[in-house]
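Colleague: For the record, in the sequence shown the residue sitting at position 66 is 53 according to my numbering, with numbers rising by one throughout.
Idealized CB from N, CA, C, for every residue including glycine.
Below you'll find the structure I mean.
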Amino acid sequence: MKDSLRHQLQRLGMRLAELDAHLADPQLGQDINRYRSVSREQAETAALVQRFEAYQQREADLAEARAMLSDPSLADFAQ
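Here it is, written out as structure tokens:
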């Protein structure tokens, strides 16, 4: 994955935290249109962040598997 894309996806994680904080603000409920907008953005952002986190876990799993294969004492076990 390109560094620029990875950085953009990491920023989405920070944006999700901001959106969650906005949704927790009782004053947001006073403006139903703004609430809907923030709620929609939060749902879309949460889905992307969840997929990115799953991707990162798969990357970590792959790195661990490769490390096991490169270790002669674990290579037989890994295969």
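Thinking C-alpha only, which one of Met55, Asp18, Ala4 and Tyr42 is nearest Gln29?
Modeller: Your numbering for residue 29 matches position 42 in the sequence shown. Answer by Cα proximity: Ala4.
Colleague: Can you give me the C-alpha to C-alpha distance between Leu6 and Glu51, rounded to a whole angstrom?
Modeller: Numbered from its first residue, the sequence shown carries residue 6 at position 19. Numbered from its first residue, the sequence shown carries residue 51 at position 64. If I take the Cα positions, the gap works out to 34 Å.
Colleague: Tell me whether the stretch 13 to 30 and the stretch 40 to 57 touch, counting them as touching only if at least three CB pairs, one residue from each stretch, are closer than 8 Å.
Modeller: Short answer: they don't touch.
Colleague: From Gly16 to Arg(-7), what does the alpha carbon distance come to, in whole angstroms?
Modeller: Counting from one through the sequence shown, the residue named residue 16 turns up at place 29. Counting from one through the sequence shown, the residue named residue -7 turns up at place 6. Each residue's Cα considered, the two are about 33 Å apart.
Colleague: Which residue marks the beginning of the alpha helix (DSSP H) containing Gly16, and which one marks its end?
Modeller: As a working note, residue 16 is residue 29 in the sequence shown. No alpha helix (DSSP H) contains Gly16, which DSSP labels as neither H nor E.
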